[in-house]
């Protein structure tokens, strides 16, 4: 069982990581604006539980393995940097959005939001 100090530290960590800007907060803001709170609730739950699942996996030994191996850590850093540069390039070269395409959209599902955590660089940075 975790002691009180560790639980408080974990609660503060969870609060800070959920309140800092990142792709989840931006997607949830857009989803709430476009579809409302009720229709976006599955998306919110998927984000929360997907991140909890990631923390459990990292806490079960994956994080230690990455921190213990110089090459695993380096590979993760290089892959993350390349991915962020790729995303920056895609954003910089994207055409203007087509407003008509958004009219028939729907909010992200619970499973989609939970799965998104595994490709979310901010979530990995916070989890590790």
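Residue numbers (our numbering): 421 to 548.
Glycine included, C-beta positions come from ideal geometry on N, C-alpha and C.
Remember, it's a predicted structure, so these values are computed and weren't measured experimentally.
ask   = Per DSSP, what kind of secondary structure is residue 442 in: helix, strand or coil?
value = Looking up residue 442 in the chain shown gives position 22. Here residue 442 sits in coil by DSSP.
C-alpha gap between residue 423 and residue 472, whole angstroms = Within the chain shown, numbered from 1, the residue matching residue 423 stands at position 3. Within the chain shown, numbered from 1, the residue matching residue 472 stands at position 52. Approximately 19 Å, taken between the alpha carbons.
query = Where does the unbroken alpha helix (DSSP H) through residue 548 begin, and where does it stop?
reply = Within the chain shown, residue 548 is the residue found at index 128, counting from 1. First-last for residue 548: undefined, no H or E at that position.
Beta-carbon proximity of residue 548 to residue 467, cut-off 9 Å = Looking up residue 548 in the chain shown gives position 128. Looking up residue 467 in the chain shown gives position 47. Contact: no.
key: Reference residue 475; option with closest CA among 460, 509 and 434   = Within the chain shown, the letter at position 55 stands for residue 475. Cα-wise, what sits closest to residue 475 is 434.
inquiry  = Considering Cα atoms alone, identify which of 454, 480 and 447 is closest to residue 464.
reply    = Within the chain shown, residue 464 is the residue found at index 44, counting from 1. Residue 447 is the option with its Cα nearest to residue 464.
ask   = Given residue 444, which residues of its chain have a CB within under 6 Å of its CB, disregarding the five upstream and five downstream residues?
value = Within the chain shown, the letter at position 24 stands for residue 444. Taken in chain order, the residues that qualify are 467.
Stretch-stretch touch, CB-based, cutoff 8 Å, three pairs: the region 533-548 with the region 479-489 = yes
key: CB contact flag (residue 542, residue 440, <9 Å)   = By 1-based counting over the chain shown, the position of residue 542 is 122. By 1-based counting over the chain shown, the position of residue 440 is 20. Yes, Cβ-Cβ distance for residue 542 and residue 440 is below 9 Å.
request  = Look up residue 449 in the DSSP assignment and say whether it is helix, strand or coil.
outcome  = Counting from one through the chain shown, the residue named residue 449 turns up at place 29. Looking at residue 449 - three-state DSSP - the assignment turns out to be helix.
message = residue 470 and residue 533 - do their beta-carbons sit closer together than 9 Å?
response = Working through the chain shown from its first residue, we reach residue 533 at position 113. Working through the chain shown from its first residue, we reach residue 470 at position 50. It is a contact, given that the beta carbons lie within the stated cut-off.
query = With distances taken between CB atoms, is the gap from residue 500 to residue 544 smaller than 9 Å?
reply = Start at 1 with the first residue of the chain shown, and residue 500 comes out as number 80. Start at 1 with the first residue of the chain shown, and residue 544 comes out as number 124. Contact: yes.
Which listed residue (529, 428 and 507) has its alpha carbon closest to that of residue 462 = Indexing the chain shown from 1 puts residue 462 at position 42. The shortest C-alpha separation from residue 462 is found at 529.
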